[in-house]
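*Asks:* So for the sequence shown, the working numbering puts the first residue at 1; every next one is plus one. All C-beta atoms, glycine included, are put in the ideal place defined by N, C-alpha and C. Can you keep this structure in mind? I'll have questions shortly.
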Amino acid sequence: MRAAVVALALLASAAEAQPVPFGEAPVRLRGDVLVVSRLGSPDARAEGLPAMRASARRRGRARASSALHAYVDRKLAEALATPALTSRVHAALSAGTRVEATRSLVDGSVVVRVALPLVPLRALFREAGVQP
Numbered sequence: 001m002r003a004a005v006v007a008l009a010l011l012a013s014a015a016e017a018q019p020v021p022f023g024e025a026p027v028r029l030r031g032d033v034l035v036v037s038r039l040g041s042p043d044a045r046a047e048g049l050p051a052m053r054a055s056a057r058r059r060g061r062a063r064a065s066s067a068l069h070a071y072v073d074r075k076l077a078e079a080l081a082t083p084a085l086t087s088r089v090h091a092a093l094s095a096g097t098r099v100e101a102t103r104s105l106v107d108g109s110v111v112v113r114v115a116l117p118l119v120p121l122r123a124l125f126r127e128a129g130v131q132p
């Protein structure tokens, strides 16, 4: 019984130390960076765990980037931004988004956390009247 409690405590502390969640997390502002985590499922055609995880990473990154675009799009729509400004913001978002961390899961899927530093976008957000 004591060994089970110790093992559970070790697992809990290890999970807390991990920077990436075990599932999806909504878009949130962390300092001057927007972050979001999305789950990528492996392509059914992929054979072998490395190929499954590679396809899952690509899918997770695409889903996380789409979530950031949708979040920023809602903010721009609320501010009634012009289409030209919206296009510039989305281009800057695509250029500035980076994968911050990943967590591989046992089924071959991968949780991908994507980050968008807001410093380069501040001027565009001010022009649109948007608070991220």
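Compare the Cα-Cα distances from glycine 108 to each of Gly31, Arg59, Ala25, Leu29 and report the closest residue.
*Replies:* Arg59
*Asks:* Is arginine 113 closer than 9 Å to serine 66 when the C-beta atoms are compared?
*Replies:* Not closer than 9 Å, so no.
*Asks:* Distance, Cα to Cα, proline 21 vs valine 111?
*Replies:* 7 Å
*Asks:* Of the choices Ser87, Glu78, Val35, Gly31, whose alpha-carbon is the least far from that of glutamate 100?
*Replies:* Val35
*Asks:* Going along the chain, which residues of its own chain have a beta-carbon closer than 8 Å to the beta-carbon of glutamate 78, five neighbours each way excluded?
*Replies:* Val130
*Asks:* To which residues does DSSP link valine 35 through a beta bridge?
*Replies:* Answer by DSSP bridge pairing, in chain order: Arg28, Ala115.
*Asks:* Taking only three categories from DSSP, how would you classify serine 104?
*Replies:* Judged by DSSP in its simplified three-state form, serine 104 adopts strand.
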